[in-house]
Amino acid sequence: MSDWVEACAAGDIDEEDVMRFDHAGRTFAIYRSPDDEYFATDGLCTHEKVHLADGLVMDDIIECPKHNGRFNYKTGDARGAPVCVN
Numbered sequence: 001m002s003d004w005v006e007a008c009a010a011g012d013i014d015e016e017d018v019m020r021f022d023h024a025g026r027t028f029a030i031y032r033s034p035d036d037e038y039f040a041t042d043g044l045c046t047h048e049k050v051h052l053a054d055g056l057v058m059d060d061i062i063e064c065p066k067h068n069g070r071f072n073y074k075t076g077d078a079r080g081a082p083v084c085v086n
């Protein structure tokens, strides 16, 4: 049995963009990089639990729409205040 879950078709996400995906009571953010690679992270910002899919994607960074905290969506590293939790 496979543990994979189909979230969307590859063409559903524009290059350098993000979309929200809810599954099993959790929210995820799915990204398509400028290099045409796909990544998934927790869908909520660690600062105030805002949906990251409403944020702005720039290269490999997602910027939270509420307070402009930034994460590298490829590594999970916090990249700008007010977020400080990876």
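Residues in the sequence shown are numbered from 1 upward in steps of one, following the working numbering. Glycine included, every Cβ here is placed at the ideal spot set by N, Cα and C. Owing to the predicted nature of the structure, the values given are computational and were not obtained by experimental measurement.
With 16 other Cβ atoms within 10 Å as the buried cut-off, status of residue i
i	result
GLY25	exposed
GLU15	exposed
Residues bridged to residue i (per DSSP)
i	result
GLU63	LEU56, ARG70
ASP17	ARG32
THR41	ALA29
ASP22	THR27
Nearest-angstrom beta carbon gap, residue j and residue i [assumed within contact, 8 Å]
i	j	result
VAL57	ASP17	6 Å
Residues near residue i by beta carbon distance below 7 Å, same chain, minus five either side
i	result
MET19	CYS8, ASP12, ILE13, ILE30, ALA53
HIS51	ARG20, THR27, GLY43, LEU44
Reduced DSSP category for residue i - H, G, I as helix; E, B as strand; rest coil
i	result
GLY80	strand
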